[in-house]
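Sequential numbering from 4 applies to the sequence shown in this note's numbering.
Don't be surprised by glycine CBs; every beta carbon is placed ideally from N, CA and C.
So the structure is just underneath, and the comments pick up after that.
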Amino acid sequence: MNFKPLGERILVKSVEESNTTASGIIIPDNAKEKPNRAEVIAISEEITNVNVGDTVVYGKYSGTQIALEGQDYIVLELADVLGVIS
């Protein structure tokens, strides 16, 4: 994949949450909340505080969804990133 975000943007792929609770109850897909964690796939040259491979938390309704080579990704503005999980 050859995608380079421009401006203060990053390309991320959502990290799927478990579909089973700690007590073993299976949550159906239509009852799950929209994920707000993602792995950073690509960053623009302007980004210095987030790296490729980091896991970030972002606003629930942030970003623009795109499909590249049959995979779903999200392009986020850096301002929409709430933090990096370490």
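* Contact under 8 Å by Cβ, Gly-56 with Asp-83 -> Indexing the sequence shown from 1 puts residue 56 at position 53. Indexing the sequence shown from 1 puts residue 83 at position 80. Cβ atoms of Gly-56 and Asp-83: not closer than 8 Å.
* Asked: Of all the options Thr-58, Val-78 and Leu-71, which has the alpha carbon lying nearest to the alpha carbon of Tyr-64?
  -> In the sequence shown, the residue the question calls residue 64 occupies position 61. The shortest C-alpha separation from Tyr-64 is found at Val-78.
* Asked: With respect to the beta strand (DSSP E) encompassing Ser-17, which residues constitute its N-terminal and C-terminal limits?
  -> The residue given as residue 17 occupies position 14 in the sequence shown. From DSSP, the beta strand (DSSP E) with Ser-17 extends over 12-17.
* **Close Cβ partners of Ile-50 (< 7 Å) along its chain, the five nearest in sequence each way excluded** => Start at 1 with the first residue of the sequence shown, and residue 50 comes out as number 47. Contacts found: Glu-11, Ile-13 and Leu-81.
* What is the rounded straight-line gap between the Cα of Gly-27 and the Cα of Gln-68? -> Translated into the one-based positions of the sequence shown, residue 27 becomes position 24. Translated into the one-based positions of the sequence shown, residue 68 becomes position 65. If you take the alpha carbons of Gly-27 and Gln-68, they lie about 31 Å apart.
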